[in-house]
Each structure stands twice: as C-alpha cells, then as structure tokens.
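Written out below as structure tokens is the structure these notes cover.
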C-alpha cells in the first residue's frame, strides 16, 4: 500500500521534541521533513537520516527578505501534494500568511504551545498578534497538555484541537555520577526566566532547618539574564550547599545532572508544558512542582512527586524538608509510581498511536470535504 505523503516542519527550538516522533512515523507515512534553523541559533545542527531538507535561515524571522526563503520552501512543498502539513512554527509574521495563499489551510496542523500569549512576558506585541491570527485561521492545532487543550477550546472554539503529550526526552546515558556524600540533591534546570521563580526555590532552600541544610544540596543549571545573576547570588551567598551554573548547558551534561539528583524542582508561576519535566520522566527523577494545572495533570502529590502552592516559599521549604527526611523505601515508592505513570501515559508507543489517529483524522476529514 502506498504511504500517504505528509510534510513535517520543525524549527530548531523544537527539534528535540519532534525527532523521536518523526523517527517512528516514517514507518507509516512518506514524510518530507524540513528542519529549519534560526539565523543565530546556538543549537547543535542535527544529523538525522530522515531529514529531507535542512535549512539555515539567512535572516531573522522579522526581516522581510525571509519571505523569499519561505516562498521557495512552500513552492516545493506544494509540488508534493501533501495530505497533511505538520508545522512547529507559530507567531511568525510571514509564514502562515504566505502558506495560506499557496496551500489549503485545512491540511495544516500547528504545534500549539501557548493559547494565551499575553501570559508570557517575553512575547513581543508582534508575536502575540501573529500567534492569535495563526490560530484563528489554521485548520487544526495540537497541544501538549490537557490544561492547554482546555484553554484552546475556550479561546478558539472554531479551531479544532487535539491533545498529545510530549514523550520523555532522552539525552543518552550519563558520563559520570556526581557525588555529594549521600546528601539529597535537588535540581533546577532550564532557562531562568522571571516566571520560573528560581528566587522562590533559593529562599526556601536557605530557610530550611539546619539539620536539613546539612543533608541537602542544590544544583542550578540554566541560562540567565546577566542583570539577575547578582540577585540570585545574593540570596545564596551564605550557603555552601548551593551550586549556581548560569549559562548554556550542553546536551552531554544533561544525563549526568538528572541521574545525580534526587528531585527536579519546578517552582514556576506560569506553565503550559515543561521540557525539564519530560527529561525527568526519562530518567525517573521525581518532580516537585507548583499547583498549576500544567503540573497537577502530571504529578499527583505524595504519590509520584510533590505539589506546593505557587509562589509560597514556606510551603516549598516544608516539601524540601519532607523529601530530605523520607526513608529510602518511601523514595523508591515515589519513583516506582512515577515510572508506572510514564509507561501508561507518556511512552513512545502510546504517543505515536495518538499522532497516527490525529493525522488520519485530518486526512479523512479533508477527503470527505472535497
């Protein structure tokens, strides 16, 4: 049976999410996979035999000259007569406006990351306007959490939406294991934006009882705006059990960090989906997170991780102290429960089946509409 042709477009910032999906779906579809790297991307260029075409953009996405690059890509895509175009771009000022003049918008599935762009302070006004236009005009959106699915359906009732979770992010085996003398190791990992509230974690950590302080270690790894580093160093200045590593963390160190830690801490005040959470799933590292819906759908308090009220320093301190005081048996139960949840809800097999159902639904629906 001839495989149906679909086009898959992946921007550099979502390559680590898309590649395990594409690697499996090529068994079921003829996929023309376009991987597009931003002009100033610092990410390592991928080496994957399934990539149909790798494109390094010569201009920023707001530069009008980028439209010529998009035109050539879209013209080539049109020649394939794809049944579906799955696209990771959102909030781009030109791409979808050009795409919908050259191709049927109903064949597009857009990766939807944030239904309410006003919630993210790093979104520019242009990006907010473009994102809302994209979603209003697209045929189908795929989101990565039940929480964002609910928001999408409320905000964009005329756009179809499907929830499919990310799969656990695998960065390979650790090169070493860091030794902290049997202390409980807590990890904060990822870009240190204001809404991720690293300050809450640092304040909670330094306020713990002395007997807990002596049994704990905090690792912080992530890029950070230069003007905020002094703020974090000031909070941690008297603590000899806090390591602050501000800067880009290479993929090679990720397995070491996640297998050398006992808990990943996510003190965010805003979340849609969390990349570090999915890395923790891969390495069976339990999570401590705030009581936002984006986390409570993934973590059951006291069963496979811990939940605390958002922006509550004292509540986080109490959770940290509970984790430090728990027995090895109690900790292993948390890990076992977490592994069971991942296997049942987030395994590659489960997620791939959901992608196939979504893609086939869009193809069938468009066939009936003709």
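Numbering (the numbering used here), first residue to last: 4 to 373. By construction, the Cβ of each residue, glycine as well, lies at the ideal position given by its N, Cα and C atoms.
6 Å Cβ shell around residue i - same chain, five flanking residues per side excluded
i           : result
residue 327 : 187, 215, 218, 219
residue 63  : 42
residue 78  : none
residue 268 : 189, 191, 204, 291
residue 142 : 108, 109, 111
residue 125 : Caution applies to residue 125, whose pLDDT of 45 falls short of 50 and renders its modelled position unreliable; the value that the coordinates give is listed next. Once the five neighbours on either side are set aside, residue 125 has no close Cβ partner at all.
residue 308 : 289, 290, 302
residue 251 : 226
residue 1   : Absent from the model: residue 1. The displayed extent of the chain is 4 to 373, so no value can be given.
residue 44  : 15
residue 166 : 146, 149, 152
Alpha-carbon spacing of residue i relative to residue j, whole angstroms
i           : j           : result
residue 282 : residue 68  : 37 Å
residue 329 : residue 337 : 11 Å
residue 280 : residue 335 : 18 Å
residue 205 : residue 198 : 14 Å
residue 174 : residue 140 : 36 Å
residue 342 : residue 292 : 17 Å
residue 113 : residue 148 : 15 Å
residue 73  : residue 93  : 14 Å
residue 212 : residue 232 : 25 Å
residue 426 : residue 323 : There is no way to answer for residue 426, as the model of the chain reaches only from 4 to 373.
residue 238 : residue 151 : 34 Å
residue 31  : residue 360 : 12 Å
residue 243 : residue 325 : 21 Å
residue 155 : residue 146 : 9 Å
residue 297 : residue 364 : 26 Å
residue 294 : residue 355 : 29 Å
residue 105 : residue 247 : 49 Å
residue 153 : residue 339 : 29 Å
residue 362 : residue 160 : 20 Å
residue 4   : residue 278 : 37 Å
residue 255 : residue 47  : 12 Å
residue 333 : residue 287 : 15 Å
residue 321 : residue 344 : 25 Å
residue 183 : residue 200 : 25 Å
residue 346 : residue 306 : 15 Å
Beta-carbon proximity list for residue i, same chain, < 8 Å, skipping 5 on both sides
i           : result
residue 121 : Residue placement at residue 121 is flagged as unreliable, the pLDDT there being 48, under the threshold of 50; a coordinate-derived value is accordingly withheld.
residue 304 : 310
residue 259 : 177, 178, 179, 180, 181
residue 241 : 209
residue 316 : 203, 206, 207, 210
residue 349 : 168, 169, 170, 171, 281, 284
Per DSSP, cross-strand counterpart(s) of residue i
i           : result
residue 220 : 188
residue 355 : The partner list for residue 355 (beta bridge, DSSP) is empty, contrary to what the question assumes.
residue 271 : DSSP, once it has assigned bridges, lists no residue as partnering residue 271.
residue 227 : 195
residue 8   : 33
residue 204 : Looking at the DSSP assignment, residue 204 forms no beta bridge with any residue, so it has no partner.
residue 115 : 146
residue 165 : 145
residue 248 : 224
residue 13  : 38
residue 364 : DSSP output for residue 364 lists no bridge partner at all.
residue 266 : 189
Contact check, residue i vs residue j, beta carbons under 8 Å
i           : j           : result
residue 224 : residue 261 : no
residue 164 : residue 144 : yes
residue 89  : residue 12  : yes
residue 302 : residue 266 : no
residue 138 : residue 115 : yes
residue 226 : residue 249 : yes
residue 76  : residue 54  : no
residue 37  : residue 20  : no
residue 202 : residue 228 : no
residue 18  : residue 52  : no
residue 313 : residue 276 : no
residue 35  : residue 103 : no
residue 351 : residue 23  : yes
residue 40  : residue 15  : yes
residue 245 : residue 221 : yes
Close beta carbons around residue i, own chain, < 7 Å, minus the five adjacent residues each side
i           : result
residue 366 : 7, 86, 87
residue 299 : 310
residue 29  : 53
residue 236 : 247
residue 26  : 53
residue 274 : 295, 297, 298
residue 369 : 109, 110
residue 91  : 12, 13, 14, 17, 21, 114
Contiguous beta strand (DSSP E) assignments of at least 3 residues, all confined to the segment 27-112: DSSP runs (the beta strand (DSSP E)) wholly in the segment 27-112: 33-40, 54-59, 87-90.
Complete runs of the beta strand (DSSP E) confined to the segment 274-325 [at least 3 residues]: Counting only unbroken stretches of 3 or more residues, the beta strand (DSSP E) elements lying wholly within the segment 274-325 are 290-293, 308-311, in sequence order.
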